[in-house]
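**Q**
Residue numbers (mature numbering (1 follows the signal peptide of the UniProt record, and there is no 0)): -26 to -1, 1 to 646.
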């Protein structure tokens, strides 16, 4: 266990065979309240708050990916970093996990999160969706939506529209009841409906555009008193603002679809979200700053939101397919809420430099011209104020350019911000901010095997005890309802040995993420897929069978459910073909044999990861550290002293999930 430069935990239970997760607690001070009320509108240059155009910097952080104890300090450090707005999605599947039953407690207390933002004097951008993607399981949709008769997600489909409108209305009414929209004196100045729909719209034919118009009209009809936006939706109907998501919106954004709408960048990706099996790709501080300055200069951008400003932790099973528990750890505020230097400081300096010239940016005449083959100038000028952005796209050369009779040397791939069009106040490629590193101190070692106990997960083999049976291979999620990663497929197979003694080959094809095979409860083999690999995984393994009846137990595993794509309700996962090849005999296809099913693991169903239910399992002492798949481990430790961040180092493990005091910190997969 490590203290990271600074959550406090007590007991640990680990399902082993299986990377890291953590929790944190923090507090913050120094607050002022946004609550004056007034009007929020927009024009062709900016959002207009209380009659004033605003240059706004925003940071995305999700209340579901941190703890309520962390929120005050996260928001305080965002404010110190020069942000004006905190942006968050609303997560339908945590708020309505069962149809008609709502949860807004603990990490899911949306109102408390927004009130904390307001208390600290920042605005809120509320992305209601309710489709959010967000590397969040099922794109934020509750799985029960999948089972609504005749439903098709995200198109002109009455069952879907009915449920979408009901939930969006529920959230809007809650915000109104709590007085959280800006005209009521609250901090919410803009909301979002749908999310990146343009990417899937063609799949729905004429139903796509009809759905876009319906969603826009439905949202506007809720009369929130603040503008609505759609991300990556170039044809967003008036008065919805179309916005940009991406790495380089200064180059890729086609611009507002009306001269009366401002240029807003709702997702400036601060890094790449990590997935199992891939190296984390951090985005350089200089590149982030270059992209922001370019968007402001080229697109007359007046709203930039960092996705993520704090990523946090994908607690429990909420990460989408193959996405790690740690989320956007390289953001300006890391997974634990600590300041990531120099990114946080460099962007803070950029924000200050831009705000210094906000009058010229928001009200000035715009012009641009070439300074060289890969160099250009962008100028915003009023009668009294002027700001210029000198851009160098050349990644290798350091040219000297002349701007208004003054010589400026431009670093490779950089933008220099000139206050009063004369004085360099910021250079994207010159990092003056403080550098730092994250250190960890071991506060307790958990290597003593005598402090651990183990419970071996039983391999199901008795078909007669199965709750579910059928002469077919059932689809994975339709059985589990996404309430567990695991689905057992069990079948009986009669083996008659052949005279030639040839090998018996088991072939299994699956659209899940991991597959484990057991024959008569003995391990026979495994295979897994990957985030970028083909959707089908295949296990071919030689097996040993007893003469007569044998039991084949196959464990289908999902490492998160999908978060995007058209027709998510039609996606199929799990085992879809099983066959046995015995020597030169004809292939024996088992698809239509009598299959038994067990949803989830014994340990899950009996909640042995909780203190109350732990006694339902027969825990044994551990005599050695030999690897045993499908084993639960548990230990206890004293709460570390102080309020610093505490993390668990699970690099010695394989693949599994971690619970602390009955709360799941998330999946891990070190042995990918």
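All C-beta atoms in this analysis are idealised placements derived from N, C-alpha and C, irrespective of residue type, glycine included.
Between which two residues does the alpha helix (DSSP H) harbouring residue 149 extend?
**A** Counting along the chain, the alpha helix (DSSP H) containing residue 149 begins and ends at 132 to 151.
**Q** By Cβ distance, which residues of its chain are closer than 8 Å to residue 113, with the 5 residues on each side in sequence left out?
**A** Cβ neighbours of residue 113 beyond the five flanking positions: 105, 106, 107, 294, 536, 537, 538, 542.
**Q** Kindly list the residues whose CB is nearer than 8 Å to the CB of residue 472, restricted to its own chain and excluding five residues on each side of it in sequence; keep chain order.
**A** The residues are 556, 557, 559.
**Q** Leaving out the 5 sequence neighbours to the left and right, which residues in its chain are closer than 7 Å to residue 155 when beta-carbon positions are compared?
**A** Cβ neighbours of residue 155 beyond the five flanking positions: 149, 162, 198, 199, 200.
**Q** Cβ of residue 481 within 8 Å of Cβ of residue 524?
**A** No, they are not a contact pair.
**Q** Report yes or no: do three or more beta-carbon pairs, one from the region 418 to 425 and one from the region 374 to 390, lie closer than 8 Å?
**A** No: fewer than three Cβ pairs fall under 8 Å.
**Q** Kindly provide the ranges of any alpha helix (DSSP H) runs that are 4 or more residues long and lie completely inside the region 438 to 506, ordered along the chain.
**A** Runs found: 450 to 454.
**Q** Helix, strand or coil: which one does DSSP assign to residue 80?
**A** Here residue 80 sits in helix by DSSP.
**Q** Looking at the secondary structure, which residues open and close the alpha helix (DSSP H) in which residue 272 lies?
**A** Counting along the chain, the alpha helix (DSSP H) containing residue 272 begins and ends at 259 to 273.
**Q** Whose C-alpha, out of 60, 80, 58, is nearest the C-alpha of residue 68?
**A** Ranking 60, 80, 58 by Cα distance to residue 68 puts 80 first.
**Q** Can you tell me where the alpha helix (DSSP H) with residue 333 in it begins and where it stops?
**A** Residues 332 to 337.
**Q** Could you say which of 532, 377, 266 lies nearest to residue 219 if we only look at CA atoms?
**A** Of the candidates 532, 377, 266, the one whose C-alpha sits nearest the C-alpha of residue 219 is 266.
**Q** At a cut of 8 Å, does the region 232 to 251 reach the region 208 to 222 through at least three beta carbon pairs?
**A** They touch, by the three-pair rule.
**Q** Mind checking who residue 640 pairs with in its DSSP beta bridge?
**A** Residue 640 pairs with 632.
**Q** Whole angstroms are fine: how far does the CA of residue 646 sit from the CA of residue 545?
**A** Taking the straight line from one Cα to the other gives about 24 Å.
**Q** Compute the distance between the beta-carbons of residue 429 and residue 610, then report whether it is under 8 Å.
**A** No, they are not a contact pair.
**Q** Would you kindly work out how many angstroms separate the C-alpha atoms of residue 568 and residue 445, rounded to a whole number?
**A** When rounded, the distance between both Cα atoms is 4 Å.
**Q** Any idea if residue 240 is buried or exposed, counting beta-carbon neighbours within 10 angstroms, 16 or more meaning buried?
**A** Under this definition residue 240 is a buried residue.
**Q** Determine contact between the region 315 to 323 and the region 251 to 265, defined as no fewer than three beta-carbon pairs at a distance below 8 Å.
**A** A contact exists between the region 315 to 323 and the region 251 to 265.
**Q** Tell me which residue opens and which closes the alpha helix (DSSP H) that residue 605 is part of.
**A** Note, residue 605: premise wrong, no alpha helix (DSSP H); beta strand (DSSP E) at 605 to 610.
**Q** Do residue 434 and residue 585 have their CB atoms nearer than 8 Å?
**A** No, the Cβ-Cβ distance between residue 434 and residue 585 is not below 8 Å.
**Q** Indicate, with yes or no, if the ligand SAM has a heavy atom lying under 7 Å from the CB of residue 24.
**A** With respect to the ligand SAM, the structure offers nothing, as it holds no ligand at all.
**Q** Check the C-beta distance from residue 37 over to residue 115 and give it rounded, since I have them as a contact under 8 Å.
**A** 18 Å between Cβ atoms; not a contact.
**Q** With contact counted as at least three CB pairs below 8 Å, one residue from each stretch, are the region 499 to 518 and the region 277 to 293 in contact?
**A** Contact between the region 499 to 518 and the region 277 to 293 is absent, because fewer than three Cβ pairs lie under 8 Å.
**Q** At a cut of 8 Å, does the region 492 to 507 reach the region 327 to 343 through at least three beta carbon pairs?
**A** Not touching, per the Cβ criterion.
**Q** In chain order, which continuous runs of the beta strand (DSSP E) of length 3 or greater are located wholly inside the region 75 to 126?
**A** The qualifying runs are 97 to 103.
**Q** Could you tell me whether the region 456 to 464 touches the region 500 to 515, using the rule of 3 or more Cβ pairs below 8 Å?
**A** With a cut-off of 8 Å, the region 500 to 515 and the region 456 to 464 do not count as touching, because too few Cβ pairs lie within range.
**Q** Quick check on the DSSP output: the alpha helix (DSSP H) that includes residue 54 runs from which residue to which?
**A** 45 to 54 is the extent of the alpha helix (DSSP H) around residue 54.
**Q** Assign residue 336 to one of two classes, buried (16 or more other C-beta atoms within 10 Å of its C-beta) or exposed (fewer than that).
**A** Per the 10 Å Cβ criterion, buried.
**Q** How would you call residue 30, buried or exposed, if buried means at least 16 neighbouring beta carbons within 10 angstroms?
**A** Its Cβ being crowded by 16 or more others within 10 Å, residue 30 is buried.
**Q** Could you work out which residue in 379, 322, 412 is closest to residue 345 when comparing CA atoms only?
**A** When each option's Cα is compared against that of residue 345, the closest is 379.
**Q** Looking only at its chain, what residues have a beta carbon closer than 6 Å to the beta carbon of residue -1, apart from the 5 residues adjacent to it on each side?
**A** The predicted model places residue -1 with a pLDDT of 30, which falls under 50 and marks its position as unreliable, so this point remains unresolved.
**Q** Measure from the alpha carbon of residue 204 to the alpha carbon of each residue in 100, 274, 118, then state which is nearest.
**A** Cα-wise, what sits closest to residue 204 is 100.
**Q** Using CA coordinates, which residue listed in 271, 596, 285 is at the minimum distance from residue 246?
**A** Nearest option by C-alpha distance: 285.
**Q** Return the chain-ordered list of same chain residues with a C-beta closer than 7 Å to the C-beta of residue 626, the five sequence neighbours on each side being excluded.
**A** There are no such residues.
**Q** Does the distance from the CB of residue 277 to the CB of residue 40 come in under 8 Å?
**A** In this structure, residue 40 does not lie closer than 8 Å to residue 277 by Cβ.
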